[in-house]
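Under my numbering, the residues of the sequence shown are numbered 40 to 671, in order.
Contents: one structure, followed by commentary.
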Amino acid sequence: MRYAEVQARAKADPDTFWMEAAEGIDWFTGPSKALFDDHAPLYEWFADGTLNTCWNAVDRHVAAGHGDRLAIIHDSPLTGTVHKITYAELQKRVASLAGALRAKGVEKGDRVIIYMPMVPEALEAMLACARLGAVHSVVFGGFAANELAVRIDDCTPKCIIAASCGIEPGRVVHYKPLLDGALALAKHQPEFCVIFQREQEVAHLEEGRDHDWHAFQYGVEPADCVPVAGNHPAYILYTSGTTGQPKGVVRHTAGHLVALNWSMRNLYDMNPGEVFWAASDVGWVVGHSYICYGPLTFGCTTIVFEGKPVGTPDAGTFWRVIQDHKVKCLFTAPTAFRAIKRDDPLGELIADYDLSSLETLFLAGERADPDTIQWAMDRLGVPVIDHWWQTETGWCIAGNPMGIEKLPVKIGSPSVPMPGYDVQVLDEGGHPLPPGTLGAIAVKLPLPPGTLPTLWNAEERFHKAYLTHFPGYYETGDAGLIDEDGYLYIMARTDDVINVAGHRLSTGGMEEVLASHPDVAECAVIGVSDSLKGQLPMGFLCLNKGAQTPPEQVVKDCVKLVRDRIGPVAAFKLAVVVDRLPKTRSGKILRATMVKIADGAEFKTPATIDDPAILDEIRAALSRIGYPSGQI
40 MRYAEVQARA
50 KADPDTFWME
60 AAEGIDWFTG
70 PSKALFDDHA
80 PLYEWFADGT
90 LNTCWNAVDR
100 HVAAGHGDRL
110 AIIHDSPLTG
120 TVHKITYAEL
130 QKRVASLAGA
140 LRAKGVEKGD
150 RVIIYMPMVP
160 EALEAMLACA
170 RLGAVHSVVF
180 GGFAANELAV
190 RIDDCTPKCI
200 IAASCGIEPG
210 RVVHYKPLLD
220 GALALAKHQP
230 EFCVIFQREQ
240 EVAHLEEGRD
250 HDWHAFQYGV
260 EPADCVPVAG
270 NHPAYILYTS
280 GTTGQPKGVV
290 RHTAGHLVAL
300 NWSMRNLYDM
310 NPGEVFWAAS
320 DVGWVVGHSY
330 ICYGPLTFGC
340 TTIVFEGKPV
350 GTPDAGTFWR
360 VIQDHKVKCL
370 FTAPTAFRAI
380 KRDDPLGELI
390 ADYDLSSLET
400 LFLAGERADP
410 DTIQWAMDRL
420 GVPVIDHWWQ
430 TETGWCIAGN
440 PMGIEKLPVK
450 IGSPSVPMPG
460 YDVQVLDEGG
470 HPLPPGTLGA
480 IAVKLPLPPG
490 TLPTLWNAEE
500 RFHKAYLTHF
510 PGYYETGDAG
520 LIDEDGYLYI
530 MARTDDVINV
540 AGHRLSTGGM
550 EEVLASHPDV
560 AECAVIGVSD
570 SLKGQLPMGF
580 LCLNKGAQTP
590 PEQVVKDCVK
600 LVRDRIGPVA
610 AFKLAVVVDR
620 LPKTRSGKIL
630 RATMVKIADG
640 AEFKTPATID
650 DPAILDEIRA
660 ALSRIGYPSG
670 QI
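Structure follows, in structure tokens:
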């Protein structure tokens, strides 16, 4: 079937469509129907079925005779090691850890916080929780103690599983002191902690509370998979909230597995046994969905990568991993490719590697500017698919369904809505806008399987954050448009649509123009306060290594480019060259923080920031052009 037919079927009869998709996973007892709408707008999927996530991700492949198939490849250029784990080995390791947790009292419904770097043991901890029906909450390894404490108090874990350290280029990040600091701040105290000791840092263990990963498992009885209901929470993943209090996104077990399993074949065009690489971290939603649960449930080999796109050791490390492990599909953030492009503008390092296994590159997490997509397409010779989704949705809202029909790529668009997503562009009053008109992007309820049913212990906040502004819709917080062909364009967060003298303009559209300059590796545009026009756009430009054009000339060129392509209405005249942009660890540019710096407003350093020192660099760059005084 072609995409249009599949989408029409899902829209006309969602229950039949998703019940058929549900046949792709294993059940202890099958569900009576797909959608449960008794408590709308709090919808649930497959609520009365019973199943187990770990069984689907691990045991069923061993039972089907695929125990020798590689499940995990851990590739760590930071430690110079590669470790491969088969499905049969993974089953034994996970059952052992689950048995040890069970022996210490962890049961179905208990919460467990996981605070680990990119090592196979992080996935094993997630799967061990799922095996018992415990609800895990992964917190990005190295997160600040106070932020970890907030999450401890919110989800009240019975246990915390952590590593002694993480490894970054040139340094060891000591996790155990951060964990100890968080526990000193937290009101809730776990009953015990399990520490995976790495050879780069052996941490001190508190007697009575802390247990060594290996010793903890010695002599225990391995645990079997515990059946849970379809609407049992699989995990809680915290995403930053506008109030400073993080939002605990809940993922129900059955819908999660059905959607991910469907997406591996139909969206990513994968087959069991092939190698899938999501170059992300288990602390983020991409790590949950497409490092751990999606590839393993579908029977693929997943890569756990402990490194960076550049500097470990160079801008060719991604190509080396693809060559060494025969990666078929790479999924990463646009910021990774912008970093590679900045270090190796001509892509010369690609010639050193055999990339014949690579068939597709998927990008998500940040708007993929057309220049970066074109650069990747020209040099890799494979389709480059920008697709759009959120922590809240857990999988793709709009993309190019490569396993159904390879639709034409429109650079700048994440293509079309996936089955189950009725995406619309609305005005402020909640009325649908005609094609080509910029507005707020919302999804008509119900959302499909795999998306958030609510927030952890915060149902009222869930309604307020997502359902109140546009009744009957899920508010995405993104702004954009849909063209005549039904292709979606994500232009900015709704907060990033700026108003210049009454004209609503997309900062994303300006970023596309700036990124087209041959010397600009990466850029961001924000709206700064202006007494005359309300807001003015300001551009931040990172230049390619080896760029010959003087920075002041690049600024002049960029001002002219925006004037020529968007017009004088944009009033674009403020731009500054910077070495780097402030980002979260997942690669999102912290535009709201940059606005506050430019406007001279007070702000709190975001907990998710990759390097707080960048904010001082932004201040210094702004002061060079007379900001935040506002006088140029």
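Built from N, CA and C at the ideal position, the CB exists for glycine as well.
Item                                                                                                                                                                : Value
So what does Glu561 bridge to, in DSSP terms?                                                                                                                       : Cys581
If you measure between the beta carbons of Leu654 and Ile628, is that distance less than 8 Å?                                                                       : no
Spell out a yes or no on whether the stretch 263–275 and the stretch 225–233 are touching, meaning 3 or more CB-CB pairs, one atom from each, closer than 8 Å.      : no
Would you call the CB atoms of Cys93 and Leu140 closer than 8 Å?                                                                                                    : no
Can you look up Thr351 in the DSSP assignment and give me helix, strand or coil?                                                                                    : coil
For Cys194, which of helix, strand or coil comes out of DSSP?                                                                                                       : helix
How many whole angstroms separate the CB atoms of His291 and Pro272, which I take to be in contact at a CB cut-off of 8 Å?                                          : 6 Å
Below 7 Å CB to CB, which residues in the same chain sit around Pro607 once its five sequence neighbours on both sides are set aside?                               : none
With a CB to CB cut of under 6 Å and the five nearest residues on each side skipped, what residues in its chain are close to Gly138?                                : Val259, Glu260, Pro261 and Ala262
Should Ala497 and Lys367 be called a contact, given that it needs their Cβ atoms to be closer than 8 Å?                                                             : no
Per DSSP, which residues does Pro272 bridge with? Please list them.                                                                                                 : His291
Can you tell me the Cα-Cα spacing of Lys147 and Arg41, whole angstroms?                                                                                             : 41 Å
Between His243 and Arg210, what straight-line distance do the alpha-carbon atoms span, to the nearest angstrom?                                                     : 19 Å
Span of the alpha helix (DSSP H) holding Thr125?                                                                                                                    : It is not in any alpha helix (DSSP H) - Thr125 instead sits in the beta strand (DSSP E) that spans Thr120 to Thr125.
List the whole-angstrom C-beta distance separating Leu419 from Leu400, where the pair is believed to meet the contact cut-off of C-beta under 8 Å.                  : 6 Å
Just list the beta strand (DSSP E) runs in the stretch 490–555, keeping only unbroken ones of 3 residues or longer that don't cross its boundaries, in chain order. : 512–521, 527–532, 536–539 and 542–545
Going by DSSP in three states, Lys367 sits in which element: helix, strand or coil?                                                                                 : strand
Is it right to say Asp522 is buried, meaning 16 or more other beta carbons lie within 10 angstroms of its own, or is it exposed?                                    : exposed
Which of the three DSSP states, helix, strand or coil, is assigned to Tyr154?                                                                                       : strand
In terms of alpha-carbon separation, which member of Glu550, Gly355 and Ala518 lies closest to Cys581?                                                              : Glu550
Give me the Cα-Cα distance between Glu246 and Ala169, rounded to the nearest whole angstrom.                                                                        : 28 Å
Which residue spans inside the stretch 137–191 form an unbroken alpha helix (DSSP H) run of at least 4?                                                             : 159–171
Taking the alpha-carbon of Tyr82 as reference, which of Tyr332, Pro492 and Arg630 has the nearest alpha-carbon?                                                     : Pro492
Do you know whose CA, among Asp569, Val559 and Arg150, lies nearest Gln587's CA?                                                                                    : Val559
Tell me the start and end of each unbroken beta strand (DSSP E) in the stretch 375–448 that is at least 3 residues and wholly inside, in chain order.               : 399–402 and 423–425
Output yes or no for whether 8 Å exceeds the beta carbon distance between Leu299 and Trp428.                                                                        : no
What is the DSSP secondary structure of Asp98, counted as helix, strand or coil?                                                                                    : helix
For Pro208, which of Val289, Val288, Pro116 and Phe85 has the nearest alpha-carbon?                                                                                 : Pro116
Hey, how far is the Cα of Thr282 from the Cα of Pro216?                                                                                                             : Only weak support exists for where Thr282 lies, its pLDDT of 49 falling under 50; the value from the coordinates is given anyway. So the alpha carbons of these two residues sit roughly 27 Å apart.
Are the beta-carbon atoms of Gly578 and Leu544 separated by less than 8 Å?                                                                                          : no
Short of 6 Å in beta carbon distance, which residues of its chain neighbour Glu313, apart from the five on each side in sequence? Order them along the chain.       : Cys339 and Lys367
Give me the residue from Met58, Glu444, Asp596 and Ser625 with the minimum Cα distance to Phe179.                                                                   : Ser625
So, with DSSP's three-state summary, where would you put Trp358?                                                                                                    : helix
In the DSSP assignment, the beta strand (DSSP E) including Glu260 goes from what residue to what residue?                                                           : Unbroken run through Glu260: none, as it is neither H nor E.
Ignoring anything shorter than 4 residues or poking outside the stretch 583–608, list the alpha helix (DSSP H) runs there in chain order.                           : 590–604
Taking the C-alpha atoms as reference points, what is the distance between Val448 and Glu514?                                                                       : 26 Å
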